[in-house]
Amino acid sequence: MSFPSSVRIVEVGPRDGLQNEPDPVPIAARVALVDALTASGVAEIEVGSFVSPARVPQMASTGAVFAAIQRDRRVLYSALVPNLQGLADAQASGVTEISVFVSASESFSRRNINCGIAQSLDRAGGVVARARASELRVRGYVSCVLGCPYEGAVDPDIVARIALDLQTMGCRQISLGDTIGVGTPRRARSLIDRVARDVPLEALALHFHDTYGQALANIFACLELGVSTIDSAVAGLGGCPYAPGAGGNVATEDVVFMLNGMGIDHGIDLELICQAGRRLCSVLGRQTGSRVARARPP
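Residues in the sequence shown are numbered from 138 upward in steps of one, following the numbering used here.
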């Protein structure tokens with residue numbers, strides 16, 4: 138197969154990136170980040186999550202962030218929700234899409250959300266049904282698709298089954314997450330081949346963490362199959378509180394630079410996305426995790 142002519146980038150930095158920060162980021166900085174991402178041309182931004190502040194304090198006040206951002210009607214602003222209460226809070230904030238999540242690892246699921254895979258699918262199903270009844274778009278995440286910090290290798294058949302279950306319950310897209318970043322190009326490509334037997338390629342997204350520096354290579358291998366949606370985080374933000382040793386997400390700036398070189402359309406201004414990452418990192422007090430942003434003059 139050939140590479141897609143265009144790719145949709147889903148910016149997950151404001152949620153998946155900031156949720157792993159040691160301290161909550163000020164609301165003003167979160168709003169400024171989302172507004173800068175909007176200005177850069179990102180078509181879809183995961184603004185935050187409506188979870189218990191006791192579980193993920195970094196995502197407290199996501200409703201306040203939604204209330205303050207400058208929305209562009211061309212941009213899809215989404216949020217992660219774990220349950221019906223989170224869905225109600227998201228709806229009250231004017232969210233245009235929600236995401237639900239399920240792990241492909243039984244152990245990770247129990248440590249993350251205190252229930253197994255089957256129960257987590259049931260919970261997600263209730264949220265999806267209510268969201269769909271309210272005409273909200275829904276996206277599904279599957280975590281630990283290429284490895285688990287507690288169980289090691291994950292069976293691709295399990296990933297495919299969960300992806301199909303999420304699609305059947307009404308998720309428009311399934312994002313496959315290499316949560317601990319252990320995937321390599323051949324394994325990543327093999328996984329997409331397997332899942333695509335049950336779920337169409339156009340309904341799949343790549344969500345690769347860069348723990349071992351393999352994320353761009355993995356993305357390249359899967360793009361060649363025809364996958365055309367990529368999750369990434371500005372400045373390479375991220376990690377996972379429940380996955381010891383997990384690195385950040387692949388940096389949006391690095392993905393954009395690679396796509397530019399491949400002649401693949403994506404709609405994002407490289408300079409503006411680099412600026413957005415640098416400004417946030419100045420608030421966080423550290424260097425950007427994007428190799429491209431570090432290589433380019435500020």
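In this text, a Cβ means the ideal position worked out from N, Cα and C, and glycines have one as well.
The stretch 421 to 429 in contact with the stretch 200 to 216 per 3-pair CB rule at 8 angstroms: no
Taking the alpha-carbon of Arg323 as reference, which of Pro337, Val291, Ile356, Arg298 has the nearest alpha-carbon? Ile356
So is Tyr349 buried or exposed if we call it buried at 16+ other beta carbons inside 10 Å? exposed
For Asp315, the first and last residue of its enclosing alpha helix (DSSP H): First-last for Asp315: 310 to 315, but that is the beta strand (DSSP E), not the alpha helix (DSSP H).
What is the rounded straight-line gap between the Cα of Pro414 and the Cα of Asn386? The residue you asked about is not Pro; residue 414 is Gly in the sequence shown. Rounded to whole angstroms, Gly414 to Asn386 spans 13 angstroms at the Cα level.
Continuous beta strand (DSSP E) stretch holding Ile182: start and end: 181 to 186
Helix, strand or coil for Ala342? Go by DSSP, reduced to three states. strand
Report yes if the C-beta distance between Val239 and Gly284 is below 7 angstroms; otherwise report no. no
Ala173: which of Ala372, Gly398, Met395 sits nearest, CA to CA? Ala372
Inter-residue Cα distance where the pair is Cys418 and Gly154: 12 angstroms
Are the stretch 268 to 283 and the stretch 228 to 244 touching by the rule of at least three beta carbon pairs closer than 8 angstroms? yes
Would you identify the three-state DSSP class for Val275, choosing helix, strand or coil? strand
Applying the criterion that 16 or more other CB atoms from any shown protein chain within 10 Å of the CB defines a buried residue, is Asp368 buried or exposed? buried
May I have the straight-line CA-CA distance separating Ala268 from Pro194, to the nearest angstrom? 24 angstroms
Taking contact to mean at least 3 C-beta pairs separated by less than 8 angstroms, is the stretch 212 to 219 in contact with the stretch 184 to 199? yes
Since Ser236 contacts Gly200 with CB under 8 angstroms, what's their CB separation in whole angstroms? Between Gly200 and Ser236 the Cβ distance is about 16 angstroms, and since that is not below 8 angstroms, they are no contact.
What would DSSP say about Asn386, mapped onto helix, strand or coil? strand
DSSP three-state label for Ile405, please. coil
Given that a residue counts as buried once 16 or more other Cβ atoms are within 10 Å of its Cβ, and exposed if not, what is Met306? buried
Can you tell me whether DSSP reads Glu234 as helix, strand or coil? strand
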